[in-house]
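Everything below concerns the one structure shown next.
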Amino acid sequence: MMRLFSPRKTTLMFVIRDKTRTPLENLEPVLREDIQKIWDFVPKPEAHKETPISEFFNVEVVALSSYEEKEEQFKEQVANLRGRFFHSIAPGGLAGDRRGVVPASGFSFSAQQIWRVIKENKDLDLPAHKVMVATVRCEEIANEKHANFSTNEEWCQMEESVQFSPVTGFGKRLSSILNSYLSEYDSEATYFDEGVRSAKGKQLEEKLLQLVQPAYQSMLGHIRSGNLEKFKDKFEKALNAGEGFSSAACACTQSCMALFDEQCRDAVIGQANWDASRVRDKLHRDIDSHVASVEAAKLSDLTLIFEAKLNEALAAPVEALLDGANNETWSSIRKLLRRETESAVSGLSSALSGFDMDEQTEEKMLINMENYASSLVEAKAREQAGRVLNCMKDRFSMLFSHDSDSIPRVWSGKEDIRAITKTARSSSLKLLSVMAAIRLDGDVDNVESTLSSALLDNKNSVAVTDGSITTHDPLALGTWEEVESLFFIWVFYFPCAIYSCTI
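Everything in the sequence shown is counted per numbering that gives the first Met the number 0, starting at 0 for the first residue and increasing by one.
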């Protein structure tokens, strides 16, 4: 548009009719300020962004008196203004400073060139009158329908209710309300330009959908949370009824996801093409997370159950076998351990069959159960070993004071005290040798023979002289780390055994 203003200036004359008592000097600055504001908003090429209006236009303001009040003065002012137009091309006239003035003979050609420039400048194209009218009226109708929808009582109730709970028939009801306002728009705008009507109708629909989308998202949120709670309840009931973990999880997941899809279809707004897949994925992740947490808890409970069974089956029997230590003690413990471990592992394996876990994870759990059983026996053996001195004293006392039928001895003075003492000491040493090592692997060792030769043999035995204890070569050739502990246990045990013999 700017290129039409050059290379000559154009005079813009503003004529004020029926001037009042307000001086022109006060009116003109206000008018020029408004003109400047208009100029500031006119699109300009980059080169003329800061160019003042005076570069292209001569702005003049003329005031005419009131014809009714000052007729003669009005006519005189009009005659002067007419003269300026009659002599516009004279020096100092309205067009006197135009450099593009052409003679009358060239006017036809000049006018053709001006028209060509106007036709080529698309910035000057104006829409058809019917398009302008349609644009204004269709926009007014659309704004009215948008405002009416915003205050619609049924919509406002739905918008408020869906913040706290799901709304029955949400999609169908809201689609109906939207359709009624869009239909009203189409009806009122039906006689306007089709292109404008359709464009404004589409804009109205987009604005209305933007308005209702938060409510739709709230509705999806309620559907998601509701189905998650239904899954949890259904899943728990299925497990309590004895259904396999994996099959129950799969069936409940499929059921709840199908229900979610159905409820989402009921919440769909007909005018929108919104995708609920992100909310659906969120529900699936929440379900998977819950299943994983329940699975971890169930597996932990199963482990505790079978560990408790092992503890009940092994603790007391192993303690009893160690108390009655003999040549078959560790053989019996190994048989007991093997039987109970196989039972526990078999039971756990059967229980794990309902879980959809990989073979490696299941094998690890079964190995851990086997290790627990072994550690339980080892712990009980170490516990008994910690009380071995008392156990040896009790055994010696029992065997020394009771016969082979466990009947209290009646001392007549004819008993072979040395033989009885030796038997009791040998049995106590047997107890020490049984508890000296944990023999779950079944390997043969020489613990008992080494202890016997070192502690019962006369040459290497403990001697008591004048109440003091002296030793001769005490297990000097011992080959296991606990040999010193065994020796000192025997040292503390021996005086007690001697004391029992002298009573």
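No residue lacks a Cβ here, since even glycine has one placed at the ideal position from N, Cα and C.
Rank the options by C-alpha distance to the C-alpha of residue i and give the top, closest one.
| i | options | result |
| --- | --- | --- |
| residue 176 | 159, 201, 132 and 269 | 269 |
| residue 16 | 35, 319, 278 and 69 | 69 |
| residue 287 | 304, 248, 260 and 9 | 248 |
| residue 361 | 39, 373 and 345 | 345 |
| residue 132 | 291, 111, 67 and 194 | 194 |
| residue 299 | 330, 215, 271 and 368 | 368 |
| residue 139 | 200, 83, 158 and 154 | 200 |
| residue 382 | 436, 197, 408 and 204 | 436 |
| residue 196 | 330, 115, 257 and 136 | 136 |
| residue 508 | 159, 214 and 290 | Because the chain here runs from 0 to 502, residue 508 falls outside it and cannot be looked at. |
| residue 166 | 233, 206, 130 and 215 | 215 |
| residue 378 | 358, 434, 326 and 359 | 434 |
| residue 53 | 156, 85, 35 and 315 | 35 |
| residue 21 | 65, 103 and 224 | 65 |
| residue 173 | 152, 186 and 187 | 152 |
| residue 72 | 18, 241 and 232 | 18 |
| residue 315 | 280, 380 and 358 | 380 |
| residue 384 | 292, 325, 431 and 356 | 431 |
| residue 146 | 424, 109, 206 and 330 | 206 |
| residue 327 | 202, 429 and 111 | 429 |
| residue 292 | 77, 234 and 102 | 234 |
| residue 246 | 273, 311, 272 and 356 | 356 |
Strictly by DSSP, which residues pair up with residue i?
| i | result |
| --- | --- |
| residue 11 | 58 |
| residue 509 | Limits of the chain in this structure are 0 at one end and 502 at the other, which puts residue 509 out of reach. |
| residue 102 | Partner(s): none; residue 102 has no beta bridge. |
Cutting at 6 Å between CB atoms, please list the residues of its own chain near residue i, excluding the five before and the five after it.
| i | result |
| --- | --- |
| residue 505 | No information on residue 505 is available, as it lies outside the stretch 0 to 502 that the chain covers here. |
| residue 12 | 59 |
| residue 285 | 227 |
| residue 158 | 214 |
| residue 188 | 137, 140 and 196 |
| residue 76 | 63 |
| residue 329 | 438 |
For residue i, which residues in the same chain have their Cβ closer than 8 Å to its Cβ, ignoring the five residues on either side in sequence?
| i | result |
| --- | --- |
| residue 265 | 168, 169, 170 and 171 |
| residue 219 | 263, 266, 275 and 278 |
| residue 371 | 306 and 309 |
| residue 27 | 60 |
| residue 464 | Confidence is the limiting factor: at residue 464 the pLDDT is only 48, short of 50, which leaves the residue's position unreliable, though a coordinate-based value still follows. Contacts found: none. |
| residue 222 | 165, 259, 262, 263, 266 and 278 |
| residue 57 | 8, 9, 10, 11 and 96 |
| residue 50 | 43 |
| residue 281 | 223 |
Mind reading off the beta-carbon distance from residue i to residue j? Whole number of angstroms is fine, and I expect it under 8 Å.
| i | j | result |
| --- | --- | --- |
| residue 339 | residue 309 | 6 Å |
| residue 313 | residue 336 | 7 Å |
| residue 190 | residue 141 | The pair is not a contact, with the Cβ atoms about 15 Å apart (cut-off 8 Å). |
| residue 530 | residue 365 | Given that the chain is displayed from residue 0 to residue 502, the structure contains no residue 530 and the question cannot be resolved. |
| residue 333 | residue 439 | 6 Å |
| residue 354 | residue 294 | 7 Å |
| residue 255 | residue 226 | 5 Å |
| residue 9 | residue 55 | 7 Å |
| residue 116 | residue 192 | About 29 Å separates the two Cβ atoms, so there is no contact after all. |
Would residue i pass as an interface residue toward chain D - the criterion being a Cβ-Cβ separation below 9 Å?
| i | result |
| --- | --- |
| residue 431 | This model lacks chain D altogether, as it is built from one protein chain only. |
Using a Cβ-Cβ cutoff of less than 7 Å, which residues in the same chain neighbour residue i once the five nearest sequence positions on both sides are dropped?
| i | result |
| --- | --- |
| residue 204 | 181 and 270 |
| residue 217 | 161 and 162 |
| residue 14 | 61 and 63 |
| residue 343 | 305, 308, 309, 368 and 372 |
| residue 80 | 61 |
| residue 297 | 244 |
| residue 30 | 13 and 60 |
| residue 479 | In this predicted model, residue 479 has a pLDDT of only 49, less than 50, meaning its place in the structure is not dependable; the value taken from the coordinates is given anyway. For residue 479, where only same-chain residues beyond five positions count, there are no Cβ hits under 7 Å. |
| residue 38 | 52 |
Touch test, the segment 314 to 321 against the segment 208 to 221, Cβ-Cβ under 8 Å, three pairs minimum: They do not touch, by the three-pair rule.
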